[in-house]
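Read through the structure below, which is laid out as structure tokens, and then see the notes.
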Amino acid sequence: MSTSLIPFIEMNGQANEAIDFYVKALEAKIVYAQRLGDLPENPESPLPPEKKDWISFAVLVIGESQLQLSDLVTGSSYQKGSPVTIVVQTDDKDQAARYFDALKQGGQVNTPLEASFFSPAYGNVTDPFGITFRILAKGQQ
Numbered sequence: 008m009s010t011s012l013i014p015f016i017e018m019n020g021q022a023n024e025a026i027d028f029y030v031k032a033l034e035a036k037i038v039y040a041q042r043l044g045d046l047p048e049n050p051e052s053p054l055p056p057e058k059k060d061w062i063s064f065a066v067l068v069i070g071e072s073q074l075q076l077s078d079l080v081t082g083s084s085y086q087k088g089s090p091v092t093i094v095v096q097t098d099d100k101d102q103a104a105r106y107f108d109a110l111k112q113g114g115q116v117n118t119p120l121e122a123s124f125f126s127p128a129y130g131n132v133t134d135p136f137g138i139t140f141r142i143l144a145k146g147q148q
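For the sequence shown, position 16 (counting from the first letter as 1) is numbered 23 according to the numbering used here, and the numbering increases by one without interruption.
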């Protein structure tokens, strides 16, 4: 079993600028970047044209570490100064569920742990200390 902790930064429309900055400042390599406009359209909640270039999800590699970023797309409110989330990534769906269940004790579930198009188990939880974690099982549903 493999598990890793990955910093995740949520921006409020500045993720493209942040990526450019980290590429220059930290010699980061862009491994993956998906824009909101590249996602399937949701007819119940159309995407405003000004957000089509916002980053849905990006992965940078800096040295041997990852940094993940997105523009705020989770439905939570943006609060400057607290945009860092820790991603707990595992290759075991059951382990992801155990991490999620443990972290939610005394905390708050932001996104229930469930299968999505990008993971067999994904959820977002804030622990009792105010630290937000994205729990992610690698792979696709």
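C-beta atoms are modelled at their ideal positions from N, C-alpha and C, and glycine is treated no differently.
DSSP three-state assignment for residue i, whether helix, strand or coil
i	result
P14	strand
D108	helix
E5	A question about residue 5 goes unanswered here, because the residues of the chain that appear run from 8 up to 148.
E121	strand
L43	helix
N19	coil
I26	helix
P56	helix
Q147	coil
D101	helix
Within-8 Å CB hit, residue i to chain C
i	result
S123	Of the chains in the structure shown, none is chain C; there is only one protein chain.
Pair within 8 Å by beta-carbon distance, residue i and residue j
i	j	result
A144	S123	no
A104	A65	no
L67	I37	yes
For residue j and residue i, believed in contact at Cβ under 8 Å, the rounded distance
i	j	result
T118	G130	5 Å
Q75	F140	Actually they are not in contact, since the Cβ atoms of Q75 and F140 sit about 13 Å apart, beyond 8 Å.
L120	I142	6 Å
Nearest-angstrom Cα separation, counted from residue j out to residue i
i	j	result
V95	M8	13 Å
P47	I62	14 Å
T97	Q21	28 Å
Q102	V91	23 Å
L79	K100	25 Å
I26	T133	25 Å
Q73	M18	17 Å
A32	G70	13 Å
R42	Y106	29 Å
Q115	Y29	31 Å
E24	D60	11 Å
N49	S77	19 Å
Cβ contact check for the stretch 43–62 and the stretch 103–111: 3 or more pairs under 8 Å: Taking one beta carbon from each stretch, the stretch 43–62 and the stretch 103–111 have fewer than 3 pairs nearer than 8 Å; the two do not touch.
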